[in-house]
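In full-length UniProt numbering, the protein residues as written are 1 to 198.
Just so it is clear, CB atoms sit at the ideal spot from N, CA and C, and this is done for glycine as well.
Here the structure is a predicted model, which is why all the values come from computation and not from measurement.
Notes follow once the structure below has been shown.
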Amino acid sequence: MNFLAHAFLSFGHEKILVGNFIADFVKGKQMGNFEKQIQLGIQLHRSIDSFTDSHPLVKAAQTYLRPKFGHYSSVITDVFFDYFLIKDWSEFSEEPLEKFIQNIYITLDRYALIFPARFAGMYHWMKKENWLLNYGKIDGIRRSLSGMAKRTQFDSKMEQAHLALIENEDEFEVIFFAFFRELESFAYQKLTELEKEA
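Given below as structure tokens:
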């Protein structure tokens, strides 16, 4: 899943949120550099990603993308799902989206001193350009995936993926709704388990 979904699936726990955001930038023994609740956020992030990557509905969404985008389809669906989370935000939360996103930045700013260096560099641009809110616009999706395309080793064609979203938006949205309800339940249960084990 992409950043906004990981934030939503932190369920209002600020240190879980921090771990959820930095998880992809924490490798091996680096986990021990962070306090326990942030470690739980990192573990939750990885469980969410594993659940997502293996889910039949997500694989169904990727069938629309795989012929053109190959293994980059998983990255693309993650970004698309943030688009639908924003589009249908009122179905999942009563808190205004803009307030939710602003609170994410406020929370992350409090922990800036412990950010892994690579995440810190990216976060600067995330906040400055408000990526989290811009995932809700087709042009925001285009810019996000185009930026990723520039950083890939091979020709990913991700700069064209927003066209697949436009072409198959209804199909992707149906899949998103069915999948995200399951993911929300899974993530809540997983966080409860992790906290009991801690």
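(message) Just to confirm, is the Cβ distance from residue 41 to residue 18 under 8 Å?
(response) Their beta carbons are under 8 Å apart, which means residue 41 touches residue 18 by this criterion.
(message) Just verifying my parser: in three-state terms, what is the DSSP assignment at residue 9?
(response) Coil, per DSSP.
(message) By the three-class DSSP mapping on this structure, what secondary structure does residue 170 have?
(response) Annotated three-state conformation of residue 170 is helix, per DSSP.
(request) Could you tell me the distance, in whole angstroms, from the CA atom of residue 100 to the CA atom of residue 24? (result) Looking at the backbone, the Cα of residue 100 and that of residue 24 are separated by about 22 Å.
(message) Can you check which of these residues, 98, 192, 194, 183, is closest to residue 50 by C-alpha distance?
(response) That would be 183, whose Cα lies nearest to the Cα of residue 50.
(request) Keeping to the same chain, check which residues put their C-beta closer than 6 Å to that of residue 97; ignore five residues upstream and five downstream. (result) Result list for residue 97: 89, in chain order.
(request) Tell me where the alpha helix (DSSP H) around residue 205 begins and ends. (result) The shown model of the chain, from 1 to 198, leaves out residue 205, and the question about it has no answer.
(request) Count the C-beta pairs between the segment 110-127 and the segment 66-82 that are closer than 8 Å, then say yes if the count reaches three, no if not. (result) Counting Cβ pairs under 8 Å, fewer than three are found: no touch.
(message) Here's the rule I'm using: 16 or more other beta-carbon atoms within 10 Å means buried, otherwise exposed. How should residue 109 be labelled?
(response) Within a 10 Å sphere around the beta-carbon of residue 109 sit fewer than 16 other beta-carbons, which makes this residue exposed.
(message) Quick check on residue 26: does DSSP put it in helix, strand or coil?
(response) Here residue 26 carries a coil assignment [DSSP, helix/strand/coil].
(message) Count Cβ pairs between the segment 7-16 and the segment 32-41 that sit closer than 8 Å; are there 3 or more?
(response) Contact between the segment 7-16 and the segment 32-41 is present, because at least three Cβ pairs lie under 8 Å.
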